[in-house]
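Take 233 as the starting number for the sequence shown in our numbering and just add one per residue. Cβ coordinates follow ideal geometry from the N, Cα and C atoms, glycine included. If you're wondering where the values come from, they're calculated on a predicted model, not measured in any experiment.
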Amino acid sequence: MHPGERVIDASLVRRLVATQFPQWAGLPVERVPSAGTVNAVYRLGDGMAVRLPRVEWGVGDVARERRWLPFLAPRLPVEIPVVLGEGRPGEGYPWPWSVYRWLDGDTPETGGVPDLARFADPVRFASDLAGFIGALRRVETDGAPPAYRGGPLTELDAAVRDALGRLGGIIDTGAAAAAWRAALKAPEWSGPPVWVHSDLMPANLLVRDGRLSGVIDFATAGVGDPSCDLTVAWNLLPAKARQVFRAAVGADDASWARGRGRALAIALVQLPYYRETNPVLAANARHTIEQVLADRG
C-alpha cells in the first residue's frame, strides 16, 4: 500500500516472539485479516495479538500507545488495547513492535460498508458511541500529544483539492467540492483542546451482542478539535441514528459542520490512494462520500 513498506509474515513474527518473549514461543501465530494501512496484526495463541508497523512513519505510534493506553483505559467505558509486551528490533525487522491482549468482538462492517445486522439497534449503538466519545473528552489533557488531524480543517485543504483532481469520473466532484467549500466556512474550534481518538473508522470499533464493546488503534489519539470524532456519524451510522448521536454527543452547528467536512476530507483522500490496494478502505470512502453528499443538514 505504501512506498517503503516492510515485508512481514508469520515466520518473522514467530522468530521475534521466540527470541524476545520465550514464554510465548510455540504459541500459534495467525495473520489477522485487516484493512489497516499502517500496521500488520497477527494473533498469538488465543489471548494475544502482535502488532508491527509496516512503514517507518508509523513507528512513532508504537511509543504513543505504550505511553497513553494505560492512562486512558481506566477512564473509558469500553475495552481498549492493553500492551502485554514491548518488542524491539530484531530478526531483520528494524522497528519496535508490541504484543497486546486480544479483544473479542466483531467490527460493525462487511467489506468496508456498515453492516446493520451487527448492531441491530443503530440508535442504541449511536448512544454507545457518544458515551465513549464523551468519556474520552473528559479525560485530563496535561501533557497529552496533539491528535493526528486535530487542527483546523484548512490544514486538509491542499490534500482534498489534490484528491478531487484525481477523482473525476469516479465520484461527483462538483458536489464534493461544494460540500468541502461549505465545511471550510464553519467557525474553527475556539475552546480548549480535548482528547479525541481521531480515527473512529468502523474497523476500529468492536461490537458484542449489538453493543459497542471496544475501541482499538489509538495511534492517532491526542488532543484537538472535538469534531475529529464526529466523522463516525457518516462513515458508519445510518441517517436515522445520526441526530440521536449528535444530540447525545452535544455537537453544535459549527462542530457538526466541521465533523461532516472531516469525514468528507478523509474519504476523498483515501479513495484515490487506496482504490487499487485496499478495496475495503476504498469501499468505506465511497460510502462516506455518498452519506455526506446526501446529508448536508
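Around the C-beta of Q255, fewer than 16 other C-beta atoms lie within 10 Å, and the residue is accordingly described as exposed. In terms of Cβ geometry, A495 and A362 do not form a close pair [threshold 7 Å]. Looking at the DSSP output, L284 sits in a beta bridge with A272. Apart from the 5 residues on each side of it in sequence, R369 sits with its Cβ closer than 7 Å to the Cβ of V426, W427 and P458 in its chain, given in chain order.
A contact between stretches requires three or more CB pairs, one per stretch, nearer than 8 Å, and the region 300-316 meets this requirement with the region 435-453. A Cβ-Cβ distance of about 6 Å is found for the pair R298 and E318, placing them in contact under the 8 Å criterion. Take L503, set aside five residues on each side of it, and the residues of its chain with a beta-carbon closer than 8 Å to its own are A395, L399, I402, I403, A514, A517, R518 and I521, in chain order.
In this structure, E341 is the residue among P377, E341 and A408 with its C-alpha nearest to the C-alpha of L437.
Contact annotation: P285 and N271 have beta-carbon atoms nearer than 7 Å.
DSSP, reduced to helix, strand and coil, places T405 within a helical segment of the structure shown. When the five nearest sequence neighbours on each side are left out, the beta carbons in the same chain lying within less than 7 Å of the beta carbon of P434 are those of T339, P340, E341, P346, N467, L468 and N516, in order along the chain.
For V287 and D360, the gap between their C-alpha atoms comes out near 33 Å. Membership of S243 in the alpha helix (DSSP H) is indicated by the continuous run A242 to Q252. By the C-beta density criterion, A257 is exposed, having fewer than 16 other C-beta atoms within 10 angstroms. Assignment of beta-bridge partners to V291 by DSSP yields no partner. The C-beta of F351 has 16 or more other C-beta atoms within 10 Å across all chains shown, which makes the residue buried.
For W466, the uninterrupted alpha helix (DSSP H) segment begins and ends at V464 to N467. Counted as a single uninterrupted DSSP element, the alpha helix (DSSP H) harbouring R369 occupies residues P354 to R369. For V239, the three-state secondary structure derived from DSSP is coil.
Under the DSSP assignment, L316 falls in the beta strand (DSSP E) whose first and last residues are V315 to G319. DSSP places T520 in the helix class (H, G or I) of the three-state scheme.
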